[in-house]
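Below is one structure; the comments refer to it alone.
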Amino acid sequence: MRVHRWLGLAIGLLAIALALSGTLLACAPLIERIAAPARYRISGETRRDAGAYADTAYRRLRPGERIAALSMEGGSSPVIVTLDRVSDRARRQLFLDPPTAQVLASGWADGGVTGVVRWLHGGLFLSGVGRWIVAIGGMGALLASLTGLWASLFRQRAKPAAKGPPRKETRKASWHARIGLWSAIPVLAMTASGIVLAVSPGHAVALSTPPVPRPALSVRHVVASARHWSQGRLVAVEWPTERSPDWTLRFDDSVYGTVKVADDTAGAVSAPALAVPVALSWISRLHEGQSMPWIGIPLAALTGVLAIWVATTGLIGRARRPAVRPARRSADRRRRGPAA
Numbered sequence: 001m002r003v004h005r006w007l008g009l010a011i012g013l014l015a016i017a018l019a020l021s022g023t024l025l026a027c028a029p030l031i032e033r034i035a036a037p038a039r040y041r042i043s044g045e046t047r048r049d050a051g052a053y054a055d056t057a058y059r060r061l062r063p064g065e066r067i068a069a070l071s072m073e074g075g076s077s078p079v080i081v082t083l084d085r086v087s088d089r090a091r092r093q094l095f096l097d098p099p100t101a102q103v104l105a106s107g108w109a110d111g112g113v114t115g116v117v118r119w120l121h122g123g124l125f126l127s128g129v130g131r132w133i134v135a136i137g138g139m140g141a142l143l144a145s146l147t148g149l150w151a152s153l154f155r156q157r158a159k160p161a162a163k164g165p166p167r168k169e170t171r172k173a174s175w176h177a178r179i180g181l182w183s184a185i186p187v188l189a190m191t192a193s194g195i196v197l198a199v200s201p202g203h204a205v206a207l208s209t210p211p212v213p214r215p216a217l218s219v220r221h222v223v224a225s226a227r228h229w230s231q232g233r234l235v236a237v238e239w240p241t242e243r244s245p246d247w248t249l250r251f252d253d254s255v256y257g258t259v260k261v262a263d264d265t266a267g268a269v270s271a272p273a274l275a276v277p278v279a280l281s282w283i284s285r286l287h288e289g290q291s292m293p294w295i296g297i298p299l300a301a302l303t304g305v306l307a308i309w310v311a312t313t314g315l316i317g318r319a320r321r322p323a324v325r326p327a328r329r330s331a332d333r334r335r336r337g338p339a340a
């Protein structure tokens with residue numbers, strides 16, 4: 001029990017910050033639709049060819065901007081084109097209507113409250129070093145959850161007082177242990193998956209090299225070359241960069257999910273090494289609650305709320321404990337005095 005208390009004291013504030021930011025990120029799609037409804041006011045779910053969206057983006061480029069990526073997620077999501085400004089590496093996003101390729105709205109990538117929360121949750125605003133701090137804090141939270149679960153299941157509970165109502169701090173500690181026990185499995189799952197994503201190189205928050213100003217091939221030509229490998233639904237297109245002069249196309253295909261196309265020769269080749277591993281993909285879905293059944297996002301948000309409640313009540317109980325213990329000791333001495 002002492003190990004649990006010291007772990008909670010050491011990582012309590014960090015755990016609250018990560019749980020709160022994670023809860024907000026789980027609700028981010030709903031928050032974004034409420035805060036910026038124009039981005040999601042699409043006229044239909046029919047997708048056109050990727051070249052139509054690229055043509056619209058080229059017409060909306062500002063001085064110094066280059067197209068970096070094109071996202072064509074299905075459902076009620078708009079088509080998103082990411083523009084990279086070379087001078088300061090700021091990224092702007094165009095939200096396009098899928099059936100018409102018209103611009104619905106534009107905004108800075110990772111801007112606003114959601115962007116700040118994402119940087120906090122992913123690395124505490126410290127990029128690579130912050131991710132390791134998050135991973136270490138997650139390991140501490142994992143150990144605190146396991147020791148708390150052990151204490152709740154196997155620790156011998158104190159007998160209630162024979163007279164009078166139970167003490168207020170006893171009731172609070174009881175609810176802390178009870179809710180911690182109820183939420184143990186989802187909190188452990190979220191914490192463990194978060195640790196894996198924090199140390200995974202594929203999820204590191206880092207800026208890539210700038211895209212080339214104007215590729216030699218058109219998007220239509222690139223997609224046609226990639227179709228020799230995959231006939232799945234096109235999900236994303238990444239433009240050639242100053243370091244790698246190859247296009248990267250991602251398909252909804254279990255066999256050939258990632259295809260690279262050379263910008264100079266139009267030669268296409270399957271690139272399974274660039275694809276996200278299946279296990280890591282499922283871990284990411286579990287942790288983020290995205291691309292899961294509708295219950296995924298509410299469950300992720302509820303898990304975050306319960307984790308915040310348990311961590312907060314644990315810190316409050318720990319802060320009040322030193323003020324209670326001396327009073328109990330003096331009362332014990334007074335009771336022992338006459339008996340002696």
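Just so you know, the sequence shown maps onto residues 1 to 340 in the UniProt record's numbering.
From the three backbone atoms N, C-alpha and C, an ideal C-beta is built for every residue, glycine too.
- Listed in chain order, the non-local C-beta contacts of G304 below 6 Å within the same chain comprise A19, G22 and T23, local neighbours out to five positions each way being set aside.
- With fewer than three CB-CB distances shorter than 8 Å, the region 33-52 does not count as touching the region 141-151.
- Taking C-beta separations shorter than 6 Å and ignoring five residues to either side along the sequence, the partners of K260 in its chain run D246, T248, V269 and A271, following chain order.
- Pairing P63 with T147, the inter-Cα distance amounts to about 57 Å.
- Under the three-state reduction of DSSP output, A36 falls in the coil class, being neither helix nor strand.
- One thing to note: L96 has its Cβ no nearer than 8 Å to the Cβ of L83.
- In this structure, A226 is the residue among E242, A226 and P210 with its C-alpha nearest to the C-alpha of A236.
- Here P211 is buried: its Cβ has 16 or more other Cβ atoms, across all protein chains shown, within 10 Å.
- Using a Cβ distance threshold of 8 Å, D263 and P215 count as a contacting pair.
- Cβ contact annotation for A177 (same chain, cutoff 8 Å, sequence separation greater than five): G148, A151 and S152, in chain order.
- Separation of A26 and P298 (C-alpha to C-alpha, rounded to the nearest whole angstrom) is 8 Å.
- Residue pairing of P211 in beta bridges, as defined by DSSP: T241.
- For the region 92-156, the continuous beta strand (DSSP E) assignments of 3+ residues that do not extend past its boundaries occur at 103-108, in sequence order.
- Note that the region 74-92 touches the region 108-128; at least 3 beta-carbon pairs, one per stretch, sit closer than 8 Å.
- In the structure shown, A69 adopts extended strand secondary structure according to DSSP, grouped into three states.
- With respect to A307, A15 sits close: the two C-beta atoms are nearer than 8 Å.
- When A101, I133 and A144 are compared, the shortest CA-CA separation from R41 is found for A101.
- Looking only at W239, G232 and R233, the smallest Cα-Cα distance to V222 is reached by W239.
- In this structure, G123 lies near R131, with their beta-carbon atoms less than 8 Å apart.
- The shortest CA-to-CA distance from S200 to any of E32, S43, T56 and V134 is the one to V134.
- For A192, the CB contacts under 7 Å within the same chain, skipping 5 residues up- and downstream, are L142 in chain order.
- Under the DSSP assignment, D84 falls in the beta strand (DSSP E) whose first and last residues are V79 to R85.
- Using a Cβ distance threshold of 8 Å, I67 and V81 count as a contacting pair.
- Judged by DSSP in its simplified three-state form, A90 adopts coil rather than helix or strand.
- For L197, the enclosing alpha helix (DSSP H) begins and ends at A184 to V199.
- In the three-state reduction of the DSSP assignment, L24 falls in the helix class.
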